[in-house]
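Engineer:
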Ligand SMILES: [Zn+2]
Ligand SMILES: [Zn+2]
């Protein structure tokens, strides 16, 4: 099971009931945090999310509403006796700002690995610290800073079919290897392929995070068929479109159109402008574009199988 919680849903600056946009994705006692603006650790404490479970922090871009909480969170993790290494991923161009923020983290009790990512092309890498079947990919977004979208893909093991294994008279001791995709050489000379005893491929669980960006067709491509798309929506007034795009952002309606085009299962809206104090008043309008939209508030969560 994968639990996704929005630690905050605000853009630019925090409000009394809205922290900065950030997502906590937890699986089997390990977690990935996407973005860490000011107050992220406070919201995590309120929501009961365990910061010492965080193995990786994925930073979308250098703007303060996505980074200013880093020193506080890391130092709290250190005083919370985190010992295992933590990986920090961020766009390469954000490195000077990230390193500046880390100047105050002089005595962390764990190794902090810095992983700059390309801002020119997407990257894909395995991340076994959280799950052996987790793959993380990036997409280069269009914002007024170098900015990355992140995709977490949890592949699922195919089901092992013991009846088929019994029918083939395969000794029990080969079951585990076959289930993990390895070919088995039996003592009687037969070679058994995993396909002979496994069920059909299973649909992976895919979580995509897109903040901050103007809308463009590449986002729908990146989020194609995702289980959950977490996407910014600064405002809900369509008349503001041009002004919003000039600032490198999108409307809630744009996020719904992307979700529809990408055929995602669910959309969590996030990163509202501080001026957008009542995003729920657009509920009917947004549901007409994409019925599975959630106008999230801090603490919005979902469990994905
Ligand atoms: Zn932002
Ligand atoms: Zn930004």
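In my numbering, the protein residues as written are 38 to 342.
Glycine is no exception: its CB is placed at the ideal position from the N, C-alpha and C atoms.
1. Rounded to a whole number of angstroms, what is the C-alpha to C-alpha distance between residue 58 and residue 74?
2. Taking only the alpha-carbon atoms, compute the straight-line gap between residue 239 and residue 176 and give it to the nearest angstrom.
3. Drop a sphere of 10 angstroms on the beta-carbon of residue 157, count the other beta-carbons inside from all chains shown, and report buried for 16 or more, exposed for fewer.
4. If we ignore side chains and look at the alpha-carbon of each, how far apart do residue 328 and residue 341 end up?
5. I need the boundaries of the alpha helix (DSSP H) containing residue 334, first residue and last residue.
6. Please report the distance separating the alpha-carbon of residue 60 from that of residue 200.
7. Output the boundary residues of the beta strand (DSSP E) element that contains residue 258.
8. In three-state DSSP terms, what is residue 319?
9. Residue 242 to residue 192, Cα distance in whole Å?
10. Could you check the C-alpha separation between residue 113 and residue 202 for me, to the nearest Å?
11. DSSP beta-bridge partners for residue 47?
12. Can you give me the start and stop residues for the beta strand (DSSP E) that residue 242 sits inside?
13. Nearest by alpha-carbon distance to residue 195: which of 185, 232 and 166 is it?
14. Using 10 angstroms around the beta-carbon of residue 186, count the other beta-carbons present and answer buried if the total reaches 16, otherwise exposed.
15. What first and last residue would you give for the alpha helix (DSSP H) that runs through residue 199?
Structural biologist: To lay it out plainly:
1. As a working note, residue 58 is residue 21 in the chain shown. As a working note, residue 74 is residue 37 in the chain shown. Taking the straight line from one Cα to the other gives about 7 angstroms.
2. Here residue 239 corresponds to residue number 202 of the chain shown, with the count starting at 1. Here residue 176 corresponds to residue number 139 of the chain shown, with the count starting at 1. In this model, residue 239 and residue 176 are separated by some 24 angstroms (Cα to Cα).
3. Stepping through the chain shown from its first residue, residue 157 is reached at position 120. The residue is exposed, with fewer than 16 neighbouring Cβ atoms inside 10 Å.
4. For the purposes of this step, residue 328 is taken as residue 291 along the chain shown, with counting starting at 1. For the purposes of this step, residue 341 is taken as residue 304 along the chain shown, with counting starting at 1. Computed Cα separation, rounded: 19 angstroms.
5. Reading the chain shown from its first residue, position 297 is the one you call residue 334. Segment: none, residue 334 is in no alpha helix (DSSP H) and carries neither H nor E.
6. Numbered from 1 along the chain shown, position 23 holds the residue referred to as residue 60. Numbered from 1 along the chain shown, position 163 holds the residue referred to as residue 200. About 42 angstroms.
7. Here residue 258 refers to the residue found at position 221 when the chain shown is read from its first residue. Residue 258: not part of any beta strand (DSSP E); member of the alpha helix (DSSP H) spanning 254 to 259, first to last residue.
8. Sequence index remark: in the chain shown, residue 319 carries index 282 (1-based). DSSP places residue 319 in helix when its eight states are reduced to three.
9. As a first step, residue 242 must be located in the chain shown, where it is residue number 205. As a first step, residue 192 must be located in the chain shown, where it is residue number 155. Near 7 angstroms, if we compare the C-alpha coordinates of residue 192 and residue 242.
10. Locating residue 113 in the chain shown gives position 76, counting from the first residue. Locating residue 202 in the chain shown gives position 165, counting from the first residue. Approximately 50 angstroms between the Cα atoms of the pair.
11. Taking the chain shown and counting its residues from 1, the one referred to as residue 47 is at position 10. In the DSSP assignment, residue 47 is bridged to 57 and 309.
12. Taking the first residue of the chain shown as 1, we reach residue 242 at position 205. Secondary structure note for residue 242: its beta strand (DSSP E) is the uninterrupted segment 242 to 247.
13. Within the chain shown, the letter at position 158 stands for residue 195. When each option's Cα is compared against that of residue 195, the closest is 232.
14. Taking the first residue of the chain shown as 1, we reach residue 186 at position 149. So residue 186 counts as buried.
15. Along the chain shown, one-based indexing puts residue 199 at 162. Unbroken alpha helix (DSSP H) run through residue 199: 199 to 204.
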